[in-house]
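Below: the structure, in C-alpha cells.
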Amino acid sequence: MLHAHLSLMHEVLRNTLAALAGALTGMLLIFAIQGISQRAFYPLPPELNTRDAAAMAAYFKALPVGAFLFMLLGYFVGVAVGAHVAGRFSFDGGPRQAVMVTGLFFIASLMNLVAMPHPVWFWFANLATVVFAGWLGIKLLPKRAATP
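What follows is the structure, encoded as C-alpha cells:
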C-alpha cells in the first residue's frame, strides 16, 4: 500500500515537473527569439511608452510584417520544444503533458492577442502556429514500446 502511494506521488511529481520544464523552456525560447528580433532587427523606439495603450496600439499598427514573422518563429520554436520537453520527461513519455503545455501557450496567445492590437491575419497565423508546433513536438516524441 505504501509503495503504491509513493509510486503515485512519484508519477504526479514527475509529470508536474515535466509540464513546468516544458512551459519554462518554451517561454525562454520565445523570449530569446523575440529579444533577438527587437535588438537586431526591429528595436523599440526610445520614445515609446510601453505602458501607454494608445502608443502601443500605434506601434503595433506600424510594425512591418517581418516583425510579426519573427514573433511566429518564436512561438513555433518555443511551443514545439516546450511540448516536446514536457512529453519527453513525463512519467510515461506520453503526450499528456505536451498537450497541457500546448494548451497553456494557446491560452497565453489568446490573452496576448486580446490585450494588444494585432493584424487579423496574425490572429489566425498565431493560433495555427501554436497548434501545429504543439502537434510537431508531440510527433517527435520517441515511440513507446508496446506493453503486453
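Sequential numbering of the sequence shown, starting at 882, is according to our numbering.
In this text, a Cβ means the ideal position worked out from N, Cα and C, and glycines have one as well.
Quick caveat, the model's predicted, so the values are computed rather than measured.
Residue i, buried or exposed, once every other Cβ within 10 Å from all chains shown has been counted against 16
i      : result
ASN930 : exposed
ILE917 : exposed
PHE913 : It is worth fixing the name first, because residue 913 is Ala in this sequence and not Phe. Label assigned to ALA913: exposed.
MET952 : buried
SER990 : buried
HIS965 : buried
PRO976 : buried
Residue i in three-state terms, based on DSSP
i       : result
ASN896  : helix
GLY974  : coil
HIS891  : helix
LEU905  : helix
PRO1023 : coil
HIS999  : coil
Limits of the unbroken alpha helix (DSSP H) element including residue i
i      : result
PHE994 : The question names Phe, yet the displayed sequence has Leu at residue 994. Counting along the chain, the alpha helix (DSSP H) containing LEU994 begins and ends at 977–996.
Problem set entry | Segments assigned alpha helix (DSSP H), at least 4 residues, entirely inside the stretch 918–962 | Look at the stretch 918–962 and you find these whole runs of alpha helix (DSSP H), each 4 residues long or longer: 934–943.
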